[in-house]
Amino acid sequence: MVGLGSSLAASPNVLAQPLPGVDPALPSGARQEIRLSNLPDKRVLFQHTDRPPNLETPITALDGAITPNDRFFVRYHLPVLPTLDEMAIWSMEIGGDAATRPRVVKMSDLNALPQEEIVAVCQCSGLRRGLFQPYVAGVQWGHGAVGCATWRGPRLRDVLALAGVKPEAVEIWFEGADGPNLTGSPDYRKSLPVAKAMADETILATAMNGAPLPLLNGNPVRVVVPGWTATYWLKHVMRIEISTKALDAFWMRPAYRVPANMFPVDQPFVSQQQGDTWAITEMVVNSLIASPQNGEQVGRAGFTVRGVAWDRGYGIRRVEVSLDDGKTWFDGLLGRDYGNYAFRTFSFSTGNLPIGPRSVSVRATNNKRERQVDTLKVNPSGYHNNLPHRIQVLVA
Amino acid sequence: MLCASSAFAQALRPGPGQDVTEQVCGICHTVGYIRMNAPFLTSDQWKGEITKMRTAFGAPIDDETAATVLAYLNQAYGPAR
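Chains as they are written, first to last, in our numbering: chain A, 20 to 415; chain B, 453 to 533.
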């Protein structure tokens, strides 16, 4: 047994001052709890918890279209994690009652299939949960439970074809190597509807930004489900079942549910609709300000607002910036287009400004003309917070 | 399997029930989860969290221990703080 905590123990742990980049609107307990982590394959992240590890990307590291692997956020639900040594001899099983030829799949099998590459945003469903009002129980994420990477690997549908998919298949079930330490705790299991599992964009990633996946981001294989929140991007995939049934598991229901019809969805997850709640699926249009920082002092000759925007797969049409609390909005310049599932960078130069405090807000609109909300859509688990990010700077 | 240990887990606030709370909650997760969700959870919400851990996660907590933990959380981390 290797204690992950032993490496975390080396973290700077004396924090008299609030960390720059931690939103002051988070609950007081959450703000005091955040530490700077110091993990073997990561640079500094905001550590909310060490067991299981939940680590947030500092917003300053979200200023580009691609988030570096060593700054990518980490989210686990359960305390037992695999080691890189265990994953080095990885293989997985594909079976289920709708598989025609259940079999074991090795890394060489994945590598022999056509390789796809996609730039896609991986975003925790609970991004900015810590900024809900009223506060909602759970990991009190701020702005950095999101990142964008170039993912590479075979299409999931090509992998499933190795085992054969019967026409009566309804869902694809996934299980990873991470898990609980009590027999009574639900293992982390998730499923996808067949249509999304077979979609062009859905892959089993064996590489992230041109390198093997970091252990804490799912080494050696994770499911990449562009447009959908990260709860489906299951890490350390060990077993896939092609099933005629809906997965009845804690992490599908009652966990990760949103009120029916509250958020726009194109591909409803029909087999997981139950009563007045749906399984969370597609992300909502969103954006963040990576620079300047909240509370920063800026020059009166003006400054440049930079950040990223993303949505559920239509692509970003427009990013607007307001310098007067949302009364008037100006169009920002959009950066290079890496595809509809990627971060879209933006920038906006303010020009001269009078001395004094000033708020800066940003809001994005996608190509389906969905815009970030003006009023938070309150839901019990604190998902899909896409209020415009607003910071305060001091013009001096 | 690598079991992430909480080598530098800090103690919870002192009070009746601190020891048992650290012990039973710490079986599966750092007690930092408690601090993180304080002080905004109400007594009913703390009770709901304990019930979830017992029923959904199979935490080995009997009724008497659950009552001790709830009383401790209300006193040490409740919104009255």
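Heads up, the beta-carbon is just placed ideally off N, CA and C, and yes, glycines get one too. As the structure is a prediction and not an experimental result, all values here were calculated from the model.
**Message:** Tell me the residue span of the alpha helix (DSSP H) that contains A/I113.
**Reply:** In the first sequence, the residue the question calls residue 113 of chain A occupies position 94. Where A/I113 is concerned, there is no enclosing alpha helix (DSSP H), although the beta strand (DSSP E) it sits in stretches over S110 to G114.
**Prompt:** Mind checking whether A/I259 and A/I137 have CB atoms under 8 Å apart?
**Reply:** Numbered from its first residue, the first sequence carries residue 259 of chain A at position 240. Numbered from its first residue, the first sequence carries residue 137 of chain A at position 118. Cβ distance not < 8 Å, so A/I259 and A/I137 don't count as in contact.
**Per DSSP, cross-strand counterpart(s) of A/C167** = Here residue 167 of chain A is taken as the residue at index 148 of the first sequence, counted from 1. DSSP, once it has assigned bridges, lists A/V140 as partnering A/C167.
**Prompt:** Exposed or buried, what is A/N73 when buried is set at 16 or more other beta-carbons lying within 10 Å of its beta-carbon?
**Reply:** Looking up residue 73 of chain A in the first sequence gives position 54. A/N73 is buried by the Cβ-count criterion.
**Prompt:** Between B/P531 and chain A, is there a C-beta pair that is closer than 8 Å?
**Reply:** Position 79 of the second sequence, counted from the start, is the residue given in the question as residue 531 of chain B. No, B/P531 does not count as interfacial toward chain A.
**Message:** Give me the chain C residues within the contact set of B/L525, using Cβ-Cβ distance strictly less than 8 Å, ordered along the chain.
**Reply:** Judged by its chain identifiers, the structure shown contains no chain C, and its protein chains are A and B.
**Prompt:** Considering only the beta carbon of each residue, do A/C141 and A/A84 sit closer than 8 Å?
**Reply:** Counted from its first residue, the first sequence places residue 141 of chain A at position 122. Counted from its first residue, the first sequence places residue 84 of chain A at position 65. No, Cβ-Cβ distance for A/C141 and A/A84 is not below 8 Å.
**Asked** Where B/T522 and B/Y485 are concerned, what is the direct C-alpha to C-alpha distance, given to the nearest angstrom?
**Response** As a first step, residue 522 of chain B must be located in the second sequence, where it is residue number 70. As a first step, residue 485 of chain B must be located in the second sequence, where it is residue number 33. Here the sequence assigns Leu to residue 522 of chain B, which means Thr is not the residue at that position. So the two alpha carbons sit approximately 15 Å from each other.
**Item:** Endpoints, the beta strand (DSSP E) within which A/G229 is located
**Value:** Taking the first sequence and counting its residues from 1, one reaches residue 229 of chain A at position 210. Premise fails: A/G229 is in no beta strand (DSSP E) and is neither H nor E.
**Request:** Could you tell me which of A/P233, A/N236, A/L253 and A/S204 sits nearest to A/A216, measuring between CA atoms?
**Result:** For the purposes of this step, residue 216 of chain A is taken as the residue at position 197 of the first sequence. Minimum Cα distance to A/A216 is reached at A/L253.
**Near-chain B residues of the region 66-78 of chain A - C-beta to any C-beta below 7 Å** = H67, T68, D69, R70, P71 and P72
**Message:** Please state whether the Cβ-Cβ distance between A/S262 and A/A188 is less than 8 Å.
**Reply:** Here residue 262 of chain A is taken as the residue at index 243 of the first sequence, counted from 1. Here residue 188 of chain A is taken as the residue at index 169 of the first sequence, counted from 1. Yes, Cβ-Cβ distance for A/S262 and A/A188 is below 8 Å.
**Asked** the region 211-224 of chain A: which residues have C-beta closer than 7 Å to a C-beta of chain B, in chain order?
**Response** none
**Prompt:** When DSSP labels each residue in this structure, what does A/T364 get in the three-state scheme?
**Reply:** Counting from one through the first sequence, the residue named residue 364 of chain A turns up at place 345. A/T364 falls in the strand class under three-state DSSP.
**Message:** Less than 8 Å between the C-beta atoms of A/Y207 and A/H67, yes or no?
**Reply:** For the purposes of this step, residue 207 of chain A is taken as residue 188 along the first sequence, with counting starting at 1. For the purposes of this step, residue 67 of chain A is taken as residue 48 along the first sequence, with counting starting at 1. No, the Cβ-Cβ distance between A/Y207 and A/H67 is not below 8 Å.
**Asked** What residues in its chain sit with their C-beta under 7 Å from that of A/L266, if we drop five residues either side in the sequence?
**Response** Taking the first sequence and counting its residues from 1, one reaches residue 266 of chain A at position 247. Close CB contacts of A/L266 within its chain, under the 7 Å cut and outside five residues either way in sequence, are with E190, W192, R208 and S210 (chain order).
**Request:** Please confirm if A/N13 has its CB atom under 8 Å from at least one CB of chain B.
**Result:** The question about residue 13 of chain A has no answer here: the residues shown for chain A are numbered 20 through 415.
**Request:** Check whether the region 96-109 of chain A touches the region 74-81 of chain A, counting contact only when three or more Cβ pairs, one atom from each stretch, lie closer than 8 Å.
**Result:** no
**Asked** Just the Cα atoms here: how many angstroms apart are A/T296 and B/Q527?
**Response** Mapped onto the first sequence, residue 296 of chain A falls at position 277. Mapped onto the second sequence, residue 527 of chain B falls at position 75. Going from the Cα of A/T296 to the Cα of B/Q527 covers about 34 Å.
**Message:** Just to confirm, is the Cβ distance from A/G163 to A/G145 under 8 Å?
**Reply:** For this step, residue 163 of chain A is matched to residue 144 along the first sequence. For this step, residue 145 of chain A is matched to residue 126 along the first sequence. No, Cβ-Cβ distance for A/G163 and A/G145 is not below 8 Å.
**Request:** Whole angstroms is fine: what's the gap from B/P491's alpha carbon to B/A519's?
**Result:** To locate residue 491 of chain B, count along the second sequence from 1; it is residue 39. To locate residue 519 of chain B, count along the second sequence from 1; it is residue 67. Spanning the two alpha carbons is a distance of roughly 19 Å.
**Message:** On the DSSP bridge list, what partners appear for A/A320?
**Reply:** Reading the first sequence from its first residue, position 301 is the one you call residue 320 of chain A. BP columns for A/A320 are empty, so no partner.
**Message:** Please report whether the beta-carbon of B/A519 lies at a distance below 8 Å from any beta-carbon of chain A.
**Reply:** Counting from 1 along the second sequence, the entry for residue 519 of chain B is found at position 67. For B/A519, the answer is no, since every Cβ of chain A falls outside 8 Å of its Cβ.
**Prompt:** For the beta strand (DSSP E) that contains A/L103, what are its first and last residues?
**Reply:** The count along the first sequence starts at 1 and reaches residue 103 of chain A at position 84. Premise fails: A/L103 lies in the alpha helix (DSSP H), L103 to A107, not in any beta strand (DSSP E).
**Request:** Closer than 7 Å, Cβ to Cβ, to anything on chain A: give me those residues from the region 483-494 of chain B, in chain order.
**Result:** G484, Y485, R487, M488, N489, A490, P491, F492 and L493
**Request:** Pull up the distance between the alpha-carbon of A/L102 and that of A/A383, whole angstroms please.
**Result:** Residue numbering aside, residue 102 of chain A sits at position 83 when the first sequence is read from its first letter. Residue numbering aside, residue 383 of chain A sits at position 364 when the first sequence is read from its first letter. The displayed chain sequence assigns Thr, not Leu, to residue 102 of chain A. So the two alpha carbons sit approximately 40 Å from each other.
**Prompt:** Are the beta-carbon atoms of A/S306 and A/V327 separated by less than 8 Å?
**Reply:** Residue 306 of chain A sits at position 287 when you count from the first residue of the first sequence. Residue 327 of chain A sits at position 308 when you count from the first residue of the first sequence. Cβ distance < 8 Å, so A/S306 and A/V327 count as in contact.
**Request:** Could you round the C-beta distance between A/H408 and A/V381 to whole angstroms and report it? I think they count as a contact, below 8 Å.
**Result:** In the first sequence, residue 408 of chain A corresponds to position 389, counting from 1. In the first sequence, residue 381 of chain A corresponds to position 362, counting from 1. About 6 Å; that satisfies the 8 Å criterion.
**Asked** Per DSSP, what kind of secondary structure is A/E190 in: helix, strand or coil?
**Response** Here residue 190 of chain A is taken as the residue at index 171 of the first sequence, counted from 1. In this structure, A/E190 counts as strand in the three-state DSSP scheme.
**Message:** On the DSSP bridge list, what partners appear for A/T296?
**Reply:** Taking the first residue of the first sequence as position 1, residue 296 of chain A is located at position 277. Looking at the DSSP assignment, A/T296 forms a beta bridge with A/P278 and A/Q293.
**Message:** For B/A511, report the span of its alpha helix (DSSP H) as first-last.
**Reply:** As a working mapping, residue 511 of chain B is identified with position 59 in the second sequence. B/A511 -> no alpha helix (DSSP H), and no H or E assigned at all.
**Request:** Indicate the three-state DSSP secondary structure (helix, strand or coil) for A/W53 in the structure shown.
**Result:** In the first sequence, residue 53 of chain A corresponds to position 34, counting from 1. According to the sequence as given, residue 53 of chain A is Ile; it is not Trp. When DSSP states are grouped into helix, strand and coil, A/I53 belongs to the coil group.
**Message:** By the three-class DSSP mapping on this structure, what secondary structure does A/Q134 have?
**Reply:** For the purposes of this step, residue 134 of chain A is identified with residue 115 of the first sequence, where counting begins at 1. Assignment of A/Q134 by DSSP, reduced to helix, strand and coil, places it in the strand class.
**Request:** Counting only the same chain and skipping the five closest in sequence on each side, list residues whose C-beta sits under 7 Å from that of A/V392.
**Result:** Along the first sequence, one-based indexing puts residue 392 of chain A at 373. So the qualifying residues of the chain are N405 and L406.
**Prompt:** Are the beta-carbon atoms belonging to A/E75 and A/W160 less than 8 Å from one another?
**Reply:** Here the question's residue 75 of chain A lines up with position 56 in the first sequence. Here the question's residue 160 of chain A lines up with position 141 in the first sequence. Yes.
**Item:** Proximity below 8 Å, CB of A/C143 to CB of A/A249
**Value:** The count along the first sequence starts at 1 and reaches residue 143 of chain A at position 124. The count along the first sequence starts at 1 and reaches residue 249 of chain A at position 230. Taking 8 Å as the Cβ cut-off, A/C143 and A/A249 qualify as a contacting pair.
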